[in-house]
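Below is one structure, written out as structure tokens; the observations come after it.
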Amino acid sequence: MRTDSSSFDGVLSIEPDHDDDAQIALWTLYELHYRGFDDIDDSLEWQPELLQVRRALEQVFETRLRERFDPPDVTTPFADSFFDYVANHDGRSLAAFVHRDADADQVRELLSVRTIYHLKESDPSAWLVPRLSVAPQAALMELQYDEYGAGDPNALHAHLFARGLEACGLRSEYGAYIDDVPCEVLEQNNAMSMFGLHRRLRGAALGHLAAFEATSSLPSRRMSQGLHRLGFPEEMIRYYDEHVEADAVHEQLAVRVVCGTLLDAEPALAGDVFFGAFTCLDLEDRFAGAMLEGWAA
Ligand SMILES: [Fe+2]
Ligand SMILES: [Fe+2]
3 MRTDSSSFDG
13 VLSIEPDHDD
23 DAQIALWTLY
33 ELHYRGFDDI
43 DDSLEWQPEL
53 LQVRRALEQV
63 FETRLRERFD
73 PPDVTTPFAD
83 SFFDYVANHD
93 GRSLAAFVHR
103 DADADQVREL
113 LSVRTIYHLK
123 ESDPSAWLVP
133 RLSVAPQAAL
143 MELQYDEYGA
153 GDPNALHAHL
163 FARGLEACGL
173 RSEYGAYIDD
183 VPCEVLEQNN
193 AMSMFGLHRR
203 LRGAALGHLA
213 AFEATSSLPS
223 RRMSQGLHRL
233 GFPEEMIRYY
243 DEHVEADAVH
253 EQLAVRVVCG
263 TLLDAEPALA
273 GDVFFGAFTC
283 LDLEDRFAGA
293 MLEGWAA
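Under the numbering used here, the first residue of the sequence shown carries the number 3, and numbering increases by one thereafter.
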């Protein structure tokens with residue numbers, strides 16, 4: 003990443019060397035809003051020049067994500083349209099590969115790159131809470147309450163995943179595998195952070211959440227069965243078993259209540275709800291494609 007702070011008007015100009023570079027920079031800037039870094043001053047979270055860099059990177063990223071999206075015709079009630087939209091999306095499934103074909107090393111690699119999301123699961127959606135009106139806010143909090151363990155630290159989903167990693171002999175520290183993940187993982191995480199951190203993108207954030215929940219229960223069952231097949235520890239299997247049941251409920255809650263009541267109050271956000279859903283599905287396809295190609299699967 004080349005920066006030039008001497009450019010006119012004092013505007014910091016940035017020029018990523020390539021897309022990986024832009025995504026690494028964005029991920030790093032977003033992390034200042036989550037856990038930060040041991041050797042980085044916390045006050046940089048709101049440093050104007052860094053926010054300026056972040057904004058420039060986000061504009062390129064958001065434009066690219068929107069260019070990929072083809073808005074659907076919505077003619078039926080929202081929830082029906084949404085579930086149809088998700089069901090009709092056709093992409094390659096990592097969970098199906100784990101279920102039947104993956105070997106233990108491939109699964110360990112997959113678990114390690116999934117840490118970037120699963121160890122902060124639900125955090126990007128937490129930014130949304132103060133940005134919603136009463137009905138979607140209450141529904142989102144009902145969903146988040148489960149994600150954060152319903153008052154029990156041992157049931158907090160990100161913590162369940164960390165315990166599963168430890169039982170597998172993998173590292174459970176936040177960000178431990180960041181240097182090993184493909185660019186597609188950074189894009190997935192950056193999209194969630196960008197949607198969550200911009201109030202104007204609340205429709206996209208909740209559409210992303212709804213699509214994520216609506217595509218979790220069955221793949222979690224496949225992951226669980228694949229982990230059983232390969233003899234993985236019970237602690238990791240428990241993480242996926244938890245999501246088989248929880249996300250069967252969460253998908254209804256996220257689509258019908260969170261997004262449904264959001265759109266009752268703000269129907270103009272419908273396009274962004276589908277944009278967020280598409281982005282969730284499309285980025286998972288790209289990630290799955292990169293992993294499967296890497297394995298020549
Ligand atoms: Fe979860
Ligand atoms: Fe969930």
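By construction, the Cβ of each residue, glycine as well, lies at the ideal position given by its N, Cα and C atoms.
Once the 5 residues before and after residue i are set aside, which same chain residues still bring their CB inside 6 Å of it?
{"i": "Ser-203", "result": "First, the residue type needs correcting, since residue 203 is Leu and not Ser in the sequence shown. Around Leu-203: Phe-197."}
{"i": "Gly-228", "result": "Val-100, His-101"}
{"i": "Cys-282", "result": "His-210, Ala-213, Phe-214"}
At a cut-off of 7 Å, is residue i close to ligand 1 when judged by its beta-carbon and the heavy atoms of the ligand?
{"i": "His-2", "result": "Outside the displayed span of the chain (3 to 299) sits residue 2, for which this structure offers no information."}
{"i": "Ala-141", "result": "no"}
{"i": "Glu-17", "result": "no"}
{"i": "His-161", "result": "no"}
{"i": "His-230", "result": "no"}
{"i": "Glu-47", "result": "no"}
{"i": "Glu-123", "result": "yes"}
{"i": "Glu-149", "result": "yes"}
{"i": "His-245", "result": "yes"}
Within the continuous alpha helix (DSSP H) that includes residue i, where are the two ends?
{"i": "Leu-219", "result": "The sequence as given places Ser at residue 219; Leu does not occur at that position. Element bounds for Ser-219: 219–231."}
{"i": "Ser-1", "result": "The structure shown has nothing for residue 1, since the chain only spans 3 to 299."}
{"i": "Ile-239", "result": "236–254"}
{"i": "Tyr-32", "result": "21–33"}
{"i": "Glu-295", "result": "272–296"}
{"i": "Ala-299", "result": "Here Ala-299 belongs to no alpha helix (DSSP H), and DSSP marks it neither H nor E."}
{"i": "Pro-74", "result": "Run containing Pro-74: none; DSSP gives neither H nor E here."}
{"i": "Asp-266", "result": "262–267"}
{"i": "Gln-190", "result": "185–199"}
Around the C-beta of residue i, are 16 or more other C-beta atoms found within 10 angstroms, so that it is buried, or is it exposed?
{"i": "Trp-48", "result": "exposed"}
{"i": "Gly-252", "result": "According to the sequence shown, residue 252 is His rather than Gly. His-252 should be labelled buried."}
{"i": "Tyr-242", "result": "buried"}
{"i": "His-101", "result": "buried"}
{"i": "Gly-12", "result": "The predicted model places Gly-12 with a pLDDT of 46, which falls under 50 and marks its position as unreliable; any figure quoted below should be read in that light. Exposed: under 16 other Cβ atoms inside 10 Å."}
{"i": "Glu-51", "result": "exposed"}
{"i": "Thr-263", "result": "buried"}
{"i": "Glu-247", "result": "exposed"}
{"i": "Asp-40", "result": "exposed"}
What I want to know is whether the C-beta of residue i ends up closer than 7 Å to one or more non-hydrogen atoms of ligand 2.
{"i": "Ser-218", "result": "yes"}
{"i": "Leu-210", "result": "Note on residue identity: the sequence assigns His, not Leu, to residue 210. No, ligand 2 has no heavy atom inside 7 Å of this Cβ."}
{"i": "His-120", "result": "no"}
{"i": "Glu-144", "result": "no"}
{"i": "Glu-215", "result": "yes"}
{"i": "His-35", "result": "no"}
{"i": "His-200", "result": "no"}
Ordered along the chain, which non-local residues of its own chain (more than five positions away) have a Cβ less than 8 Å from that of residue i?
{"i": "Ala-285", "result": "A small fix is needed here, since residue 285 is Leu in this sequence, not Ala. These residues qualify, in order along the chain: Glu-186, Glu-189, Gln-190, Ala-193."}
{"i": "Pro-74", "result": "Ser-83, Tyr-87, Phe-276"}
{"i": "Asp-182", "result": "Ser-114, Val-115"}
Within 7 Å: the Cβ of residue i and any heavy atom of ligand 4?
{"i": "Ala-248", "result": "Annotation note on ligand 4: not contained in the displayed structure, which lists ligand 1 and ligand 2 as its ligands."}
Between residue i and the rest of its own chain, which residues show a CB-CB distance below 7 Å, the 5 nearest in sequence each way excluded?
{"i": "His-130", "result": "The displayed chain sequence assigns Leu, not His, to residue 130. Once the five neighbours on either side are set aside, the close Cβ partners of Leu-130 are Leu-142, Gly-198, Arg-204, Ala-207, Leu-208."}
{"i": "Asp-287", "result": "Gly-93, Arg-94"}
{"i": "Ala-250", "result": "Ser-219"}
Just list the alpha helix (DSSP H) runs in the stretch 96–155, keeping only unbroken ones of 4 residues or longer that don't cross its boundaries, in chain order. Listed in chain order, they are 96–102, 106–120, 125–128, 136–149.
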